[in-house]
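Here is the structure we will look at.
In my numbering, the protein residues as written are 413 to 479.
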(Lines of atoms letter the chains of each structure in order from A and count residues from 1; the text may use other names and numbers.)
(Lines give C-alpha, C1' and ligand atoms only; values in the text may rest on other atoms or scores of the structure.)
Protein backbone atom coordinates (compact mmCIF):
# COMPACT_ATOMS: atom_id res chain seq x y z
CA UNK A 1 0.00 0.00 0.00
CA UNK A 2 1.63 3.28 -1.07
CA UNK A 3 1.68 6.08 1.49
CA UNK A 4 2.55 9.49 0.09
CA UNK A 5 3.54 12.38 2.36
CA UNK A 6 3.04 15.89 0.98
CA UNK A 7 4.58 18.82 2.83
CA UNK A 8 3.01 22.22 2.21
CA UNK A 9 2.95 25.60 3.85
CA UNK A 10 0.00 26.24 6.14
CA UNK A 11 -3.07 27.80 4.59
CA UNK A 12 -4.10 25.07 2.16
CA UNK A 13 -7.79 25.29 1.30
CA UNK A 14 -10.01 22.22 1.64
CA UNK A 15 -10.64 22.30 -2.11
CA UNK A 16 -6.91 22.36 -2.87
CA UNK A 17 -6.26 19.50 -0.44
CA UNK A 18 -8.96 17.44 -2.13
CA UNK A 19 -7.45 18.14 -5.57
CA UNK A 20 -4.01 17.09 -4.34
CA UNK A 21 -5.34 13.87 -2.80
CA UNK A 22 -7.41 13.03 -5.88
CA UNK A 23 -4.60 13.84 -8.32
CA UNK A 24 -1.93 11.85 -6.51
CA UNK A 25 -4.27 8.90 -6.09
CA UNK A 26 -5.05 8.98 -9.84
CA UNK A 27 -1.33 8.69 -10.67
CA UNK A 28 -1.16 5.41 -8.74
CA UNK A 29 -4.47 4.16 -10.12
CA UNK A 30 -3.10 4.78 -13.63
CA UNK A 31 -0.20 2.47 -12.68
CA UNK A 32 -2.66 -0.28 -11.74
CA UNK A 33 -2.80 0.22 -7.97
CA UNK A 34 -6.32 0.22 -6.48
CA UNK A 35 -7.41 3.63 -5.19
CA UNK A 36 -8.36 2.05 -1.85
CA UNK A 37 -4.71 1.08 -1.34
CA UNK A 38 -3.36 4.63 -1.76
CA UNK A 39 -2.89 6.88 1.27
CA UNK A 40 -2.04 10.57 0.91
CA UNK A 41 -1.07 12.54 4.02
CA UNK A 42 -0.75 16.31 3.80
CA UNK A 43 1.46 17.96 6.40
CA UNK A 44 0.94 21.71 6.69
CA UNK A 45 4.03 23.49 8.03
CA UNK A 46 4.33 27.15 8.96
CA UNK A 47 6.68 29.23 6.82
CA UNK A 48 8.69 30.09 9.95
CA UNK A 49 9.51 26.37 10.35
CA UNK A 50 10.45 25.84 6.67
CA UNK A 51 13.93 26.85 5.58
CA UNK A 52 14.96 27.91 2.09
CA UNK A 53 18.59 28.74 1.43
CA UNK A 54 19.38 29.00 5.11
CA UNK A 55 16.55 31.36 6.06
CA UNK A 56 12.91 30.82 7.06
CA UNK A 57 10.47 30.78 4.15
CA UNK A 58 8.61 33.59 5.90
CA UNK A 59 11.61 35.81 5.04
CA UNK A 60 12.80 34.12 1.84
CA UNK A 61 9.35 34.15 0.23
CA UNK A 62 7.10 36.40 2.32
CA UNK A 63 4.44 36.79 -0.39
CA UNK A 64 4.22 33.12 -1.44
CA UNK A 65 1.08 31.28 -0.34
CA UNK A 66 -0.30 27.76 -0.41
CA UNK A 67 -2.84 27.02 -3.16
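The beta carbon of each residue, even a glycine, is placed where N, CA and C say it ideally should be.
The model shown is predicted, which means the values in this text are computed figures rather than measured ones.
Residue pairing for residue 420: DSSP places it in a beta bridge opposite 456. In the three-state DSSP reduction, residue 439 falls in the helix class (H, G or I). Spatial neighbours of residue 472 in its own chain (CB-CB distance under 7 Å, excluding positions within 5 residues in sequence) are listed in chain order as 464 and 465. Contact annotation: residue 478 and residue 419 have beta-carbon atoms that are not nearer than 8 Å.
Under DSSP, residue 463 forms a beta bridge with 468.
Inter-residue distance for residue 448 and residue 436 is about 13 Å (C-alpha atoms, whole angstroms). About 5 Å separates the beta carbons of residue 453 and residue 417, which is inside the 8 Å limit, making them a contact pair.
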